[in-house]
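Data block below; observations after.
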Amino acid sequence: MIARQLRLRGEYRPTLEINDEYDLQDLFYALLRLQFDEVGTEEWSPPYANGTQRTTFLLDWGQTAVVVKQTRSGLSTKELVEQVKADTAQYAARPNGRTLVCFIYDPEGRVGNPRGLEADLTKTTDRFTVEVIVAPK
Numbered sequence: 000m001i002a003r004q005l006r007l008r009g010e011y012r013p014t015l016e017i018n019d020e021y022d023l024q025d026l027f028y029a030l031l032r033l034q035f036d037e038v039g040t041e042e043w044s045p046p047y048a049n050g051t052q053r054t055t056f057l058l059d060w061g062q063t064a065v066v067v068k069q070t071r072s073g074l075s076t077k078e079l080v081e082q083v084k085a086d087t088a089q090y091a092a093r094p095n096g097r098t099l100v101c102f103i104y105d106p107e108g109r110v111g112n113p114r115g116l117e118a119d120l121t122k123t124t125d126r127f128t129v130e131v132i133v134a135p136k
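Residues in the sequence shown are numbered consecutively from 0, following numbering that gives the first Met the number 0.
Here it is as structure tokens:
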């Protein structure tokens, strides 16, 4: 919704473009800073990233990890599921980890059933919660 609004600026004003996951992370970080006093970041190389560093936002003194992903050509829904599972394993293993929020930005509607994907990947156990949000729907 925010990205859509930024594209609809009037008076021939330049807009903020979200072209890739890095742009999305920058915007998401700024939005988190509006709501939370402390937003930490952590870089790690998940197995699906072929050695590329990924940024995770940490809230509540590391109890909540937030990862953002953007769909793109060549990234299947199956691969997204595997990424979320890898992220879940990483953060569920942390001693103080309690929650993983995974925001998947899908501007072109590549995820065929976003609500189904959310339902399949969102889960709560007695020790760890995974919340998956796909937007826009």
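Here a beta-carbon is modelled for each residue, glycine too, at the ideal position from N, C-alpha and C.
Residues near residue i in its chain [Cβ-Cβ closer than 6 Å; skip 5 each side]
i, result
"V38", "L31, R32, F56"
"F127", "A91"
Beta-carbon gap between residue i and residue j smaller than 8 Å
i, j, result
"Y104", "L15", "no"
"V47", "A85", "The question names Val, but residue 47 is Tyr in the sequence shown. In this structure, A85 lies closer than 8 Å to Y47 by Cβ."
"T121", "V133", "no"
"R97", "T63", "yes"
For residue i, the first and last residue of its enclosing alpha helix (DSSP H)
i, result
"G39", "First-last for G39: 39-43, but that is the beta strand (DSSP E), not the alpha helix (DSSP H)."
"R114", "113-120"
Simplified DSSP assignment, three categories, for residue i
i, result
"L15", "coil"
"A69", "It is Gln, not Ala, that sits at residue 69 in the sequence shown. Strand at Q69."
"F27", "helix"
"E20", "helix"
"L33", "helix"
"A92", "coil"
"L58", "strand"
"T51", "coil"
Residues of its chain near residue i, where Cβ-Cβ distance is below 8 Å and the 5 sequence neighbours each way are ignored
i, result
"Q82", "P45, Y47, K68"
Run of the beta strand (DSSP E) containing residue i, from where it starts to where it stops
i, result
"V129", "128-134"
"T124", "Element bounds for T124: n/a, residue is neither H nor E."
"Y104", "98-104"
Does the segment 98-115 come close enough to the segment 53-67 that 3 or more CB-CB pairs lie under 8 Å?
Touching, yes, given that three or more Cβ pairs across the two stretches are closer than 8 Å.
Measuring CB atoms only, is the segment 87-95 touching the segment 107-118, in the sense that at least three cross pairs come out at less than 8 Å?
No, they do not touch.
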